[in-house]
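Student: Dumping the structure here so I can ask a few things about it.
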Amino acid sequence: MDKHQLTELLQHVADGSVSPEEAALKLKMQPFQEIGEYARVDFHRGIRQGVPEVIYGESKTKEHILGIAQAMVNNGQETILITRMSPEAAEFVGAELPLDYSSQARVGIIGKMPEPSGKGQILVATGGTSDIPVAEEAALTAEALGNRVLRLYDVGVSGIHRLLSHMDAIMSARVIVAVAGMEGALPSVIGGLADCPVIAVPTSVGYGAAFGGVAALLSMLNSCASGMSVVNIDNGFGAGYLASMINHLE
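First residue of the sequence shown? That's -15 in the working numbering, and the numbers climb one at a time after it.
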């Protein structure tokens, strides 16, 4: 159950279509479910945080992913997001549940995508084409959480005119996710142009001295652009989630 479903339940109590006793029973139902010895699925996370539990697929077996997802489906969760999902796991889960899978982003989505409920538009930009897998994880996460997303890829500082030709999109966004590897300069440039929060995502793209994304991470942490936050290396999910939270603020 998420906040929307809770509000809907209370409205039904108010209009008399659901009795207080029936509503109390729904709310008293076990807020989590133990699945074997490997998972305890949190069904009340949507009430507490506004977003139901997301499955982190990396290091989980395909059987564990399926078991967790089935428990969520059985509990009425309409959209299930699975990040860092392998093609093998996607094939296995997709044979049992209606799964839409992006091999580029390694993201699986079970169920229908929600109608956008965010206040504005999220812009996801990348420095280069090599950053797109991380950017797509951010974009799909934001879309699965009910946001309109505009993608603006390969607009890095090596050809800054490509970015500047889209000032209308930059200035009209409610929040921007800027994804870059190498020296990680793109978020600082965007942060100096935009009047909205900018979420910087360092990627592990780059040659030896990039240190697997550490150089980009440090550049972003040391940025002089105001109003910018930084997530971990390659953490597109974290950026998309945070962008959604900002976009749903009143």
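Virtual Cβ for every residue (Gly too), placed ideally from N, Cα, C.
1. Any idea if C208 is buried or exposed, counting beta-carbon neighbours within 10 angstroms, 16 or more meaning buried?
2. With H, G and I counted as helix, E and B as strand and the rest as coil, what does DSSP make of A184?
3. My parser needs the beta strand (DSSP E) runs of 3 or more residues fully inside the region 7 to 78; what are they?
4. CB-CB under 7 Å to E127, same chain, minus the five flanking residues each way: which ones, in chain order?
5. Could you spell out where the beta strand (DSSP E) holding R132 opens and where it closes?
6. Do the CB positions of R158 and I217 come within less than 8 Å of each other?
7. Below 8 Å on the Cβ atoms is my guess for T187 versus G165; work out the distance and round it to an integer in Å.
8. Ends of the beta strand (DSSP E) at D84?
9. Which ranges does the beta strand (DSSP E) cover as unbroken runs of at least 3 residues, wholly within the region 182 to 222, from first to last along the chain?
10. Among the candidates A53, V173, L50 and G224, whose CA atom is the shortest distance from the CA of S203?
11. Among Y225, N231 and A194, whose alpha-carbon lies nearest the alpha-carbon of V35?
12. To the nearest angstrom, how far is the alpha carbon of L108 from that of P4?
13. Would you report the Cα separation of G92 and I66, rounded to the nearest angstrom?
14. Look at the alpha carbon of E75 and the alpha carbon of D(-1), and state the distance between them as a whole number of angstroms.
15. Would you call the CB atoms of P181 and I230 closer than 8 Å?
16. Alpha carbon to alpha carbon, how far is I144 from L136? Give it in angstroms, no decimals.
17. Is the beta carbon of L170 less than 8 Å from the beta carbon of G140?
18. With a 10 Å radius around its C-beta and 16 neighbouring C-beta atoms as the bar for buried, classify N206 as buried or exposed.
19. Taking 7 Å as the cut-off, is the C-beta of V2 nearer than that to any heavy atom in the ligand HEM?
20. Closest to V118 by CA distance: which of R90, G102, N131 and G104 is it?
21. Between which residues of its own chain and R29 is the CB-CB distance below 8 Å, once the five residues before and five after are set aside?
22. Compute the Euclidean distance between the alpha carbons of M69 and G41, then round it to the nearest angstrom.
23. Which residues in the same chain as E62 place their Cβ atom closer than 8 Å to its Cβ, once the five residues preceding and following it in sequence are excluded?
Tutor: According to the structure shown:
1. Residue environment for C208: exposed (fewer than 16 other C-beta atoms within 10 angstroms of its C-beta).
2. Assigned with DSSP and collapsed to three states, A184 falls in strand.
3. Counting only runs of 3 or more, we get 16 to 19, 23 to 26 and 63 to 67.
4. For E127, same chain residues with a beta-carbon under 7 Å away, outside a window of 5 residues either side, are M97 and V133 in chain order.
5. Start and end: R132 to L136.
6. Judged by their CB atoms, R158 and I217 are not nearer to each other than the 8 Å cut-off.
7. About 4 Å separates the beta carbons of T187 and G165, which is inside the 8 Å limit, making them a contact pair.
8. Run containing D84: L83 to S86, per the beta strand (DSSP E) assignment.
9. Look at the region 182 to 222 and you find these whole runs of beta strand (DSSP E), each 3 residues long or longer: 182 to 186 and 212 to 214.
10. When each option's Cα is compared against that of S203, the closest is V173.
11. In terms of CA proximity to V35, Y225 leads the group Y225, N231 and A194.
12. As written in the sequence, residue 108 is Val, which differs from the Leu given in the question. Rounded to whole angstroms, V108 to P4 spans 44 Å at the Cα level.
13. Rounded to whole angstroms, G92 and I66 show a C-alpha spacing of 5 Å.
14. Spanning the two alpha carbons is a distance of roughly 44 Å.
15. With respect to the 8 Å criterion, P181 and I230 are classified as neighbours on the basis of their beta carbons.
16. Rounded to the nearest angstrom, the gap between the Cα atoms of L136 and I144 is 13 Å.
17. Result yes, Cβ atoms of L170 and G140 sit closer than 8 Å.
18. Exposed, by the Cβ-count rule.
19. Within the structure as shown, the ligand HEM is missing, as the structure has no ligands at all.
20. Nearest C-alpha to V118 among R90, G102, N131 and G104: R90.
21. Cβ contact annotation for R29 (same chain, cutoff 8 Å, sequence separation greater than five): V35, P36 and E37, in chain order.
22. Spanning the two alpha carbons is a distance of roughly 5 Å.
23. G95, K96 and P98, listed in sequence order.
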